[in-house]
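**Student:**
In the numbering used here, the protein residues as written are 9 to 269.
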């Protein structure tokens, strides 16, 4: 009997030790980030112009540049990583990376699982349709319409309320291609994303109606990583005050998106 008790006790200690190692080997706190000299921000890699792969296979975009500047002001290197958008929160919770700097909107549901920095830009959810469409806004969507959205975004929730059929796709490069080929009736995405893609690809799309809602976009962290949140907030504040943020914003959008419009 004593043998089994001792064996069970040793096994329990071993399992607890393994569990603790697993919880602390990836991701990390502020001290761990500073010690290793780099920070890993995750993003989808399919959300131009915020984060996407260019023709040379490089990860580029507004989010990427903001991440680089934040890391520089923290005194570390930025090492962005990509994962499907609907898996970012889970990856953060399991310590696959240090934070999410990938155009993630603050929501009450997400705040139950992660901590957010101060917003680093503001935009809105917008319906885009082909120029000859009879859809003039969200009230025109019915159960006869198909609307493409990126899986796991707040856009998906907004469309669900209309009764329209949701066509979930991995990124906005695909949602907008589906609209361009008339495979769907509309796309709901970020207003700025839609406008930039219309300009870059020559799509015959127009925004339909007003914003469905305004979004505050922030950097997400594990809830216990208070020091990382504070460090990123300080870096963002400095960038805005010295004009660096405005310079980056104007290079992509021709305006400063650090304030709600």
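Built from N, CA and C at the ideal position, the CB exists for glycine as well.
Since the model is a prediction, treat every value here as computed from it, not as a measurement.
How is the alpha helix (DSSP H) around residue 70 delimited, first residue to last?
**Tutor:** Your numbering for residue 70 matches position 62 in the chain shown. Per DSSP, residue 70 belongs to the alpha helix (DSSP H) from 70-82.
**Student:** Which of the three DSSP states, helix, strand or coil, is assigned to residue 217?
**Tutor:** Stepping through the chain shown from its first residue, residue 217 is reached at position 209. DSSP places residue 217 in strand when its eight states are reduced to three.
**Student:** Residue 113 and residue 223: beta carbons closer than 8 Å?
**Tutor:** Within the chain shown, residue 113 is the residue found at index 105, counting from 1. Within the chain shown, residue 223 is the residue found at index 215, counting from 1. Result yes, Cβ atoms of residue 113 and residue 223 sit closer than 8 Å.
**Student:** Hey, how far is the Cα of residue 51 from the Cα of residue 62?
**Tutor:** As a position in the chain shown, residue 51 is number 43, starting the count at 1. As a position in the chain shown, residue 62 is number 54, starting the count at 1. Each residue's Cα considered, the two are about 15 Å apart.
**Student:** I need the straight-line Cα distance from residue 88 to residue 69, nearest angstrom please.
**Tutor:** Position 80 of the chain shown holds residue 88. Position 61 of the chain shown holds residue 69. Each residue's alpha carbon lies about 11 Å from the other.
**Student:** Three-state secondary structure (DSSP) at residue 273?
**Tutor:** Absent from the structure is residue 273, since the part of the chain shown begins at 9 and ends at 269.
**Student:** When burial is assigned at 16 or more other CB atoms within 10 Å of the CB, is residue 265 buried or exposed?
**Tutor:** On the chain shown, position 257 is the one that residue 265 refers to. Counting Cβ neighbours within 10 Å, residue 265 comes out buried, since at least 16 surround it.
**Student:** Whether or not the segment 155-168 and the segment 120-130 are in contact is what I'm after, with contact meaning three or more pairs of Cβ atoms, one per stretch, closer than 8 Å; do they touch?
**Tutor:** Not touching, per the Cβ criterion.
**Student:** Should residue 263 be labelled buried (16 or more other beta-carbon atoms within 10 Å of its own) or exposed?
**Tutor:** Taking the chain shown and counting its residues from 1, one reaches residue 263 at position 255. Exposed.
**Student:** Tell me whether residue 208 sits in a helix, a strand or coil according to DSSP, three-state version.
**Tutor:** If you number the chain shown from 1, residue 208 lands on position 200. The answer is helix: DSSP assigns residue 208 an H, G or I state.
**Student:** Can you say whether residue 268 is buried or exposed, counting buried as having 16 or more other CB atoms within 10 angstroms of its CB?
**Tutor:** On the chain shown, residue 268 is found 260 positions in, with the first residue counted as 1. The residue is exposed, with fewer than 16 neighbouring Cβ atoms inside 10 Å.
**Student:** Just the C-alpha distance for residue 67 and residue 77, rounded to the nearest angstrom, thanks.
**Tutor:** Along the chain shown, one-based indexing puts residue 67 at 59. Along the chain shown, one-based indexing puts residue 77 at 69. Straight-line Cα distance between these residues: approximately 15 Å.
**Student:** Please list the terminal residues of the continuous beta strand (DSSP E) segment that includes residue 131.
**Tutor:** In the chain shown, residue 131 corresponds to position 123, counting from 1. Taken as a continuous stretch (DSSP letters only), the beta strand (DSSP E) holding residue 131 covers 129-138.
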